[in-house]
Amino acid sequence: MVIDIIDPNAPEYQNLTELQLAMIRAAQTEKNSITAAAEAEKEKIFLKLLKNNMARSSVLQNRYSAIDAETAGKVDVVREDLLHRLAYESLYGDGNDNGEYRYPENPNYHLDYPQRFLIVRDYYMHVTTNPQARLQAYGMDSLARTYLGEYYQTLYDLLASYC
Numbered sequence: 027m028v029i030d031i032i033d034p035n036a037p038e039y040q041n042l043t044e045l046q047l048a049m050i051r052a053a054q055t056e057k058n059s060i061t062a063a064a065e066a067e068k069e070k071i072f073l074k075l076l077k078n079n080m081a082r083s084s085v086l087q088n089r090y091s092a093i094d095a096e097t098a099g100k101v102d103v104v105r106e107d108l109l110h111r112l113a114y115e116s117l118y119g120d121g122n123d124n125g126e127y128r129y130p131e132n133p134n135y136h137l138d139y140p141q142r143f144l145i146v147r148d149y150y151m152h153v154t155t156n157p158q159a160r161l162q163a164y165g166m167d168s169l170a171r172t173y174l175g176e177y178y179q180t181l182y183d184l185l186a187s188y189c
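Just so we're aligned, residue 27 is where the sequence shown starts under the working numbering, counting upward by one.
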């Protein structure tokens, strides 16, 4: 995946955590879907105008300009959200009054559910190399049920697939 929503080579993005990299990949995926939808809309308009022998009219360029402006606005919203999330994670990513954020001792409830999923998955993947013991430990984890919400079953299925 090519990352172009931000400049990953900029000095402020050199020492990102795995969670922050996941945020960037998610934002890039969202940007790619926005631009793909815009290109599909442009093609649809072009074919419609071509069918009506108006493909060389100024209507096409005006519609393209409007679509490009709308797309740029949507991408800017995604970029700004990403930058705020990265700044927040840098500011509060180290922990709170209870100490450093670590699952299960001090879970970070400021994360969204996909990010929580990654944290808990990594925790259980490093607890033991025995897939059966890992699945059994996860099955008895009552904190994971509330912390992951609907992602609990997804992680359970993933850990069960290793058995």
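Heads up, the beta-carbon is just placed ideally off N, CA and C, and yes, glycines get one too.
Note down the Cα distance separating residue i from residue j, rounded to an integer number of angstroms.
{"i": "residue 69", "j": "residue 55", "result": "21 angstroms"}
{"i": "residue 89", "j": "residue 134", "result": "45 angstroms"}
{"i": "residue 29", "j": "residue 52", "result": "10 angstroms"}
{"i": "residue 57", "j": "residue 104", "result": "7 angstroms"}
{"i": "residue 99", "j": "residue 155", "result": "47 angstroms"}
{"i": "residue 170", "j": "residue 112", "result": "25 angstroms"}
{"i": "residue 72", "j": "residue 31", "result": "27 angstroms"}
{"i": "residue 137", "j": "residue 59", "result": "23 angstroms"}
{"i": "residue 109", "j": "residue 41", "result": "15 angstroms"}
{"i": "residue 175", "j": "residue 187", "result": "20 angstroms"}
{"i": "residue 167", "j": "residue 189", "result": "18 angstroms"}
{"i": "residue 39", "j": "residue 101", "result": "19 angstroms"}
{"i": "residue 173", "j": "residue 162", "result": "18 angstroms"}
{"i": "residue 36", "j": "residue 79", "result": "47 angstroms"}
{"i": "residue 132", "j": "residue 107", "result": "25 angstroms"}
{"i": "residue 86", "j": "residue 180", "result": "46 angstroms"}
Residue i by DSSP, collapsed to three states: which one?
{"i": "residue 79", "result": "coil"}
{"i": "residue 88", "result": "helix"}
{"i": "residue 132", "result": "strand"}
{"i": "residue 137", "result": "coil"}
{"i": "residue 188", "result": "coil"}
{"i": "residue 148", "result": "helix"}
{"i": "residue 27", "result": "coil"}
{"i": "residue 162", "result": "helix"}
{"i": "residue 175", "result": "coil"}
{"i": "residue 50", "result": "helix"}
{"i": "residue 42", "result": "coil"}
{"i": "residue 37", "result": "helix"}
{"i": "residue 154", "result": "coil"}
{"i": "residue 60", "result": "helix"}
I'd like to know whether the C-beta atoms of residue i and residue j end up nearer to each other than 8 angstroms.
{"i": "residue 177", "j": "residue 164", "result": "no"}
{"i": "residue 75", "j": "residue 83", "result": "yes"}
{"i": "residue 139", "j": "residue 185", "result": "no"}
{"i": "residue 160", "j": "residue 153", "result": "yes"}
>> For the pair the segment 62 to 80 and the segment 35 to 47, tell me if three or more CB-CB distances fall below 8 angstroms.
In response: no
> If we count Cβ pairs, one from each stretch, closer than 8 angstroms, do we get three or more for the segment 77 to 94 versus the segment 145 to 160?
Replying inline: no
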